[in-house]
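Numbering (full-length UniProt numbering), first residue to last: 1 to 462.
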């Protein structure tokens, strides 16, 4: 097991104090709060002349302090807010954001026995020790930070920035925007290219006093699986074109619709073979960024969650297995079109505000039945994670910190081509267009991969 040594833990506050105030949370914020921390690990290969880890850590700490002046909510705390109405009714208190400059947790660490080149040579395959490159799983106390950063050095000239960011304030887009801004400040840029917007009233469908209280009953935990496997499967342009050519019923369809249909069918076939049979019900869930789909539009740099869950199905596993790829892609296409309608989006936001969408896995009544097999596909292609160039090394890979959530798949872009000089091996092949990150139990993985690879697929990266 890798040996991770914690050198120092501190709090980083904004470089200049910000005005203390309280921000109310809308229903969408409260929904995503049920997810706890999003935990990601960003692996960097340091370049020649940038091997002074202490100097890098100090640069990151100083620029993070400057960043928090712009992203001041991140330095605050989520706290209970009790009103007379709460006391009289006996309801749990509302959760609000106290913008109080308490700070972001910053951890300096070193890995004593793992060479960065070995990680890179294996394609940064997810390993158990990745969980120790970030903070703990969830916020348990009001004083816990909204964000924690752990900077870990490896043998051989590489490092990782592990981030635990509370989903109440972050989705992938707002997190990537913040990371890019942090990198700009680390490079000495005098003004941010895309400063954050903290006004989010377009996402409020009802007045704040009507927002749901924090529930006392919890959601079903997304528990870790001892036998959960994570595989990184490269997806080439040729594979995508083959799927598009096969999905002719009612098309043309987008790359996402065809890939999602193929993955959903492959996972359902694997689950049918190993567990529940043809009468099991299958559902697909994916995320929709609604910022640009609202009227008026929400700024793309709007900070905080701006994505909602879309649902396809449930349908019986037998029906899904028998229908063509085009028919399944058509189901997904109809759901995508539905969420281009501002009226539909507003209706969905009302459901979040009414408390109907609070829990992660039971936010649709149809999904509460134990026979429903839920497949979730997270599309990370346009989020811009690789835009964060801190100036001292290339971002080689972004990986989840933990292996949790069987049946969750991520479509991620490969890292950009390396800048010369290239140090070490293991870079993504030029023909690789995407990476499919697969999370399944060992039993399911054995049935899923043959079904997934039923179209032309590159043999490496498994």
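Yeah, the Cβ is synthetic: ideal placement off N, Cα and C, and Gly gets one too.
Distance, residue j Cα to residue i Cα
i           : j           : result
residue 303 : residue 234 : 31 Å
residue 445 : residue 33  : 30 Å
residue 51  : residue 110 : 14 Å
residue 6   : residue 396 : 23 Å
residue 390 : residue 183 : 4 Å
residue 244 : residue 17  : 53 Å
residue 338 : residue 113 : 51 Å
residue 206 : residue 354 : Bear in mind that a pLDDT of 42 at residue 206, under 50, signals an unreliable position, so the model cannot answer this.
residue 289 : residue 380 : 11 Å
residue 259 : residue 398 : 21 Å
residue 124 : residue 131 : 14 Å
residue 31  : residue 80  : 16 Å
residue 108 : residue 8   : 5 Å
residue 266 : residue 35  : 26 Å
residue 23  : residue 73  : 9 Å
residue 286 : residue 177 : 21 Å
residue 241 : residue 453 : 14 Å
residue 373 : residue 294 : 31 Å
residue 308 : residue 117 : 38 Å
residue 261 : residue 320 : 10 Å
residue 98  : residue 152 : 30 Å
residue 264 : residue 300 : 29 Å
residue 350 : residue 28  : 9 Å
residue 388 : residue 14  : 20 Å
Three-state secondary structure assigned by DSSP to residue i
i           : result
residue 345 : helix
residue 396 : strand
residue 238 : helix
residue 289 : strand
residue 413 : coil
residue 74  : helix
residue 47  : coil
residue 160 : strand
residue 8   : strand
residue 265 : helix
Element boundaries [beta strand (DSSP E), containing residue i]
i           : result
residue 107 : 104-115
residue 277 : No beta strand (DSSP E) contains residue 277, which DSSP labels as neither H nor E.
residue 467 : Residue 467 lies beyond the range of the chain shown here (1 to 462); nothing can be said about it.
residue 376 : 372-379
residue 97  : 94-99
residue 250 : Segment: none, residue 250 is in no beta strand (DSSP E) and carries neither H nor E.
residue 319 : Note, residue 319: premise wrong, no beta strand (DSSP E); alpha helix (DSSP H) at 317-322.
residue 21  : 21-24
Presumed contact (8 Å Cβ cut-off) between residue i and residue j, rounded CB distance
i           : j           : result
residue 146 : residue 77  : 7 Å
residue 185 : residue 63  : 4 Å
residue 104 : residue 11  : 7 Å
residue 231 : residue 100 : Not confirmed; about 43 Å, so no contact.
residue 327 : residue 282 : About 14 Å separates the two Cβ atoms, so there is no contact after all.
residue 464 : residue 253 : Outside the shown range of the chain (1 to 462) lies residue 464, about which nothing can therefore be said.
residue 120 : residue 135 : Not confirmed; about 24 Å, so no contact.
residue 434 : residue 414 : 7 Å
residue 192 : residue 70  : 6 Å
residue 129 : residue 4   : 7 Å
residue 410 : residue 437 : 4 Å
residue 160 : residue 42  : 6 Å
Outcome for residue i when other beta-carbon atoms lying within 10 angstroms are tallied against a minimum of 16
i           : result
residue 341 : exposed
residue 463 : Nothing can be reported for residue 463, as the shown portion of the chain is limited to 1 through 462.
residue 347 : exposed
residue 368 : In this predicted model, residue 368 has a pLDDT of only 48, less than 50, meaning its place in the structure is not dependable; the value taken from the coordinates is given anyway. Residue 368 should be labelled exposed.
residue 180 : buried
residue 26  : buried
residue 376 : buried
residue 166 : buried
residue 126 : buried
residue 408 : buried
residue 291 : buried
residue 362 : In this prediction, residue 362 scores a pLDDT of 44, lower than 50, which makes its location untrustworthy; the coordinate-derived value is nonetheless stated afterwards. Burial call: exposed.
residue 271 : buried
residue 343 : exposed
residue 45  : buried
residue 412 : buried
residue 172 : buried
residue 394 : buried
residue 189 : exposed
Alpha helix (DSSP H) segment containing residue i, residue limits
i           : result
residue 331 : 325-338
residue 450 : 442-452
residue 29  : 27-33
residue 176 : 172-186
Residue-chain proximity (residue i, chain D), Cβ-Cβ < 8 Å
i           : result
residue 382 : Given the protein chain composition of this structure (a single chain), no chain D is represented.
Residue i CB to nearest heavy atom of the ligand ATP below 7 Å
i           : result
residue 372 : With respect to the ligand ATP, the structure offers nothing, as it holds no ligand at all.
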